[in-house]
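A.B. asks: My questions will all concern the structure given below.
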Amino acid sequence: MDEEILEKYRKAGRIARDVRELGIKMIRPGVRLLDVAEEIEKKIYELGGEPAFPVNISINKVAAHFSPRYEDDHLEFKEGDVVKIDVGVHVDGYIADTAST
4 MDEEILEKYR KAGRIARDVR ELGIKMIRPG VRLLDVAEEI EKKIYELGGE PAFPVNISIN
64 KVAAHFSPRY EDDHLEFKEG DVVKIDVGVH VDGYIADTAS T
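If you count by our numbering, then the sequence shown holds residues 4 to 104, one letter each, in order.
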């Protein structure tokens with residue numbers, strides 16, 4: 004694989020890692036899911052990437068792939084929630100995907 008393509012994957016990976024960690028730090032009781040998702044997507048752009056898919060933040064019995072929408076602005080994290088966060092970033096179409104529980 005050509006070095007330019009590898010560097011795009013690396014950049015996407017670094018951004019994905021950094022915004023995943025940002026999201027994890029934001030998760031605490033009383034914080035809205037939508038605020039976390041919007042902050043992550045904003046930071047992806049600031050760091051030179053684009054979202055590969057909408058940020059997924061799933062709570063408790065929702066196993067995966069829940070993306071908060073504006074209609075979900077009432078959803079907040081609660082003490083004891085099991086939270087899964089999944090972030091995808093692309094740089095010129097080269098994608099990195101990372102998740103954490």
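All C-beta atoms in this analysis are idealised placements derived from N, C-alpha and C, irrespective of residue type, glycine included.
For Glu71, which of Gly83, Glu82 and Lys87 has the nearest alpha-carbon?
C.D. replies: Looking at the sequence itself, residue 71 is Pro, so the reference to Glu does not match. When each option's Cα is compared against that of Pro71, the closest is Lys87.
A.B. asks: State the DSSP-derived secondary structure class of Ala55, mapped to helix, strand or coil.
C.D. replies: Taken through DSSP and simplified to helix, strand or coil, Ala55 comes out as coil.
A.B. asks: Please check the pair Ala15 and Ile98, which I expect to be a contact at CB under 8 Å, by giving their CB distance rounded to whole angstroms.
C.D. replies: The beta-carbon separation of Ala15 and Ile98, rounded to 6 Å, stays under the 8 Å limit for a contact.
A.B. asks: Please identify the residue among Glu7, Asp95 and Ile30 whose C-alpha is closest to the C-alpha of Leu78.
C.D. replies: Ile30
A.B. asks: Report the start-end ranges of each alpha helix (DSSP H) in the stretch 24 to 52 that is 4 residues or longer and not cut off at the edges.
C.D. replies: 36 to 49
A.B. asks: Which runs of the alpha helix (DSSP H) fall wholly inside the stretch 57 to 88 and span at least 4 residues, in chain order?
C.D. replies: none
A.B. asks: Would the beta-carbon of Leu37 be found less than 7 Å away from any heavy atom of the ligand MN?
C.D. replies: The ligand MN is absent from the structure shown, which contains no ligands of any kind.
A.B. asks: Is the distance from the Cβ of Ala55 to the Cβ of Gly91 below 8 Å?
C.D. replies: yes
A.B. asks: My output table needs one value for Asp100: the three-state DSSP class, helix, strand or coil.
C.D. replies: strand
A.B. asks: What's the C-alpha gap between Gly96 and Leu9?
C.D. replies: Whole-angstrom Cα-Cα distance: 12 Å.
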